[in-house]
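Okay, structure first, notes after.
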Amino acid sequence: MARMLPEPTPETRHFWEGCRDGELRLQRCTECKHSYFPPRAFCPKCASREVEIYKASGKGILYSYVINHRPRPDMGTEPYAIAVVQLDEGPRMMTNIVGCPQTPEALVLDMPMQVHFAKQTDDISLPLFEPAKG
Amino acid sequence: MKPKSVAVVGAAETTRLGKIPDVSVIGLHADAALNAMKDAGLKPSDIDGVATAGVSPVELAHYLGITPTYADGTSVGGCSFMLHVRHAAAAINEGLCKTVLITHGESGRSRVGAGGFGRAPSSLMGQFEMPYGVTSPPTMFTIPVLRYMKTYGVTEADLANVAVIQREWAAKNPRASFKDPITVDDVLNSPMIAWPFRMLMCCLVTDGGGALILTSAERAKDFPQKPVYILGTGESVETPMVSQMEDFTSSKAFRVSGKKAFDESGIKHADVDHLMIYDAFAHLPLYGLEDLGFVKPGEAKDFINERNTAIGGKLPLNTNGGGLSYMHSGMYGMYALQESVRQMRGTAAAQIEGAKISVSHGVGGMFAASGTVIFTNEG
Ligand SMILES: [Zn+2]
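Below, the structure is given as structure tokens:
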């Protein structure tokens with residue numbers, strides 16, 4: 000079964016194009032400097048439409064998660080972590096963790112993470128995270 | 000709203016709760032509505048306001064034969080009914096209508112005439128949460144809890160104890176789905192759902208419904224039941240995406256809704272005799288106690304472990320057994336309201352002697368929305 004994938008909208012297309020091209024793209028308000036996620040064409044803090052897209056570091060920490068023991072049919076048969084990463088730039092995003100056992104012992108809160116783009120189709124690569132190296 | 004200006008004059012749940020494969024969703028709404036109308040001594044032609052979630056107020060009004068001058072279809076998940084109470088009180092005070100019927104019905108278990116669970120892949124949840132394998136509420140509502148546990152030193156046993164104490168209350172309630180005593184070990188040995196959540200930390204899945212009828216306090220004295228007055232109400236919403244909550248250790252929607260209700264009512268926390276906190280999962284009473292201001296952040300686990308919310312404790316909590324042991328059709332808020340009304344009428348299975356003020360606090364979605372209603376039986 001193919002994995003459930005996002006359908007980009009005009010407001011989010013830049014984000015998914017970034018993932019396809021190997022860049023984690025965030026948005027930032029040029030008035031109040033607030034970085035935010037998910038994408039939208041204005042600043043949710045001050046309502047300014049003066050916002051810019053920029054390439055984020057792709058680094059963050061493991062903020063919280065659960066380990067789903069009842070896998071969704073499109074997610075295989077083994078338990079997997081549904082995680083939230085806090086990016087160095089501030090915003091948090093939901094993701095999966097790769098390159099690491101899906102156990103409470105291996106998944107330690109606040110551990111440094113880095114983005115890993117997992118290609119799904121020619122259009123969609125999902126931003127997953129793995130424990131940071133070095 | 001002005002405290003005590005509006006009262007509940009009809010309240011009832013569906014005739015049966017649990018497994019009801021022979022009744023559809025709209026049929027459950029109707030069964031609860033008919034029971035509440037009987038309780039209030041009213042006919043459909045006496046009702047001029049309707050509110051509901053799950054089905055549309057149009058469907059409800061048509062099905063019951065009501066021609067309303069006020070219709071509210073606010074649908075923000077399980078606490079929708081707390082918001083309906085708040086809106087109905089405002090509508091009655093503003094003269095939009097005189098008598099409002101609020102209904103809930105859900106075929107959570109049997110799925111008779113029920114819709115599916117899903118999000119469009121182009122929605123925010125569809126793009127930024129669903130691709131990571133969230134399934135049902137046990138994989139979303141639970142997302143913040145590890146951060147909460149790390150921040151305040153809460154253990155899996157602390158979470159389990161919430162379920163244990165709820166079960167003690169359920170044992171006193173003949174209508175509760177599960178009444179057999181459980182221990183912390185039983186909870187920690189129950190099947191893993193989404194670590195750290197075990198099956199006994201998750202709500203039941205049942206069929207059922209409930210309905211309330213509200214009118215002005217002035218008219219309420221002419222009804223057969225003892226009126227239950229509304230002292231204060233609050234509501235708020237935060238985000239449809241649990242991953243975007245501002246603070247994983249506290250719900251902003253809870254804090255805003257709770258403060259509004261307490262401010263409006265003019266009461267202090269020490270005045271509260273009875274409390275309902277929507278417990279779809281074992282962590283919610285912890286968040287609720289803290290975000291409503293009954294205890295300080297991080298203190299809820301000790302407050303519960305010291306049995307303050309248990310039978311004989313100073314703040315009886317979820318006295319029907321809660322969503323964990325009583326019943327949970329999907330949008331549990333109506334059942335919390337029903338138990339508050341029963342406590343204020345003096346007719347609850349686990350009645351709190353002399354209780355005068357009850358707080359009913361609900362959540363919608365996965366920490367997405369919140370509604371709070373404060374009741375009193377003193378006019
Ligand atoms: Zn801004």
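Quick note, the sequences are listed as chains A and B, same order.
Quick note: the first sequence, position 100, residue 99 per numbering that gives the first Met the number 0, numbers continuous.
Quick note: the second sequence, position 95, residue 94 per numbering that gives the first Met the number 0, numbers continuous.
Glycine included, every Cβ here is placed at the ideal spot set by N, Cα and C.
Asked, Found
"Can you check which of these residues, B/K171, B/A335, B/G265 and B/I212, is closest to B/C78 by C-alpha distance?", "B/A335"
"Measuring from each Cβ to the nearest heavy atom of ligand 1, keep the ones under 6 Å and list them in chain order.", "A/C28, A/E30, A/C31, A/H33, A/C42, A/K44, A/C45 and A/S47"
"Below 8 Å CB to CB, which residues in the same chain sit around A/Q101 once its five sequence neighbours on both sides are set aside?", "I66, E77, P78, Y79 and A80"
"Is it the case that the segment 106-114 of chain A contacts the segment 52-66 of chain A, given that we only count it when at least three CB pairs across the two stretches are under 8 Å?", "yes"
"Cβ closer than 9 Å: which chain B residues qualify as neighbours of A/R2?", "P130 and G132"
"May I have the straight-line CA-CA distance separating B/I395 from B/A60, to the nearest angstrom?", "Any answer about residue 395 of chain B is impossible in this case: the structure gives chain B only from 0 up to 378."
"Using a Cβ cut-off of 9 Å (strictly closer), state whether B/K149 contacts chain A.", "yes"
"Select from the segment 282-296 of chain B all residues with a C-beta closer than 7 Å to any C-beta belonging to chain A, and list them in chain order.", "none"
"Apart from the five residues just before and just after B/Y331, which ones in its own chain have a Cβ nearer than 6 Å to its Cβ?", "G77, Y277 and G322"
"Under three-state DSSP, which class holds A/N67?", "strand"
"Measuring only the C-alpha atoms, how far is B/S74 from B/A113?", "15 Å"
"Can you give the Cα-Cα distance for B/L274 and A/V84, rounded to whole angstroms?", "35 Å"
"What does the alpha-carbon distance come out to for the pair A/C42 and B/S106?", "41 Å"
"Along chain A, in chain order, which residues have C-beta atoms closer than 9 Å to that of B/G125?", "M3, P5 and E6"
"With C-beta atoms as the reference, is A/R19 less than 9 Å away from A/D122?", "yes"
"Name, in chain order, the residues that DSSP records as bridge partners for B/D47.", "Bridge partners of B/D47: none, in fact."
"My understanding is that B/I351 touches B/D272, with C-beta atoms under 8 Å, so please give their C-beta distance in whole angstroms.", "6 Å"
"By the three-class DSSP mapping on this structure, what secondary structure does A/L108 have?", "coil"
"How big is the Cα-Cα spacing for A/S47 and B/T238?", "20 Å"
"Within the 9 Å Cβ cut-off, does B/M240 reach chain D?", "Chain labels in this structure do not include chain D; the protein chains are A and B."
"Leaving out the 5 sequence neighbours to the left and right, which residues in its chain are closer than 7 Å to B/E155 when beta-carbon positions are compared?", "L187 and P195"
"Does the Cβ-Cβ distance between B/L16 and B/R174 come in under 9 Å?", "yes"
"Thinking C-beta only, is B/A252 closer than 9 Å to B/V161?", "no"
"For a contact meaning CB atoms closer than 8 Å, what does B/L158 contact in chain A?", "Under the 8 Å cutoff, chain A gives no residues; its nearest Cβ is about 12 Å from B/L158."
"Can you tell me the Cβ-Cβ gap for B/S176 and B/L203, rounded? I've got them flagged as a contact below 8 Å.", "5 Å"
"Is it the case that the Cβ atoms of B/G231 and B/H103 are separated by a distance below 9 Å?", "no"
"So the beta strand (DSSP E) A/K150 belongs to, where does it begin and stop?", "Here chain A comprises residues numbered 0 to 133, so residue 150 of chain A is not present and cannot be evaluated."
"Would you say A/H13 reaches chain B, if we count a Cβ-Cβ gap shorter than 9 Å as a contact?", "no"
"So what does DSSP say about B/A87, is it helix, strand or coil?", "helix"
"Contact check, B/A216 vs B/G378 under 8 Å by CB: the rounded distance?", "7 Å"
"Who are the neighbours of A/M112 on chain B, taking C-beta pairs under 9 Å?", "Within 9 Å Cβ-Cβ: nothing; A/M112 doesn't reach chain B, min ~14 Å."
"Quick check on this structure: which residue in B/P190, B/S189 and B/Q165 has the alpha carbon closest to the alpha carbon of B/P180?", "B/Q165"
"Out of B/Q126, B/M81, B/L63 and B/K355, state which residue places its alpha-carbon closest to the alpha-carbon of B/M36.", "B/L63"
"Let me confirm a value: B/H28 is counted as buried when at least 16 other C-beta atoms fall within 10 Å, else exposed. Which label applies?", "buried"
"Which residues of the segment 24-50 of chain A have a Cβ closer than 7 Å to any Cβ of chain B? Give them in chain order.", "P37"
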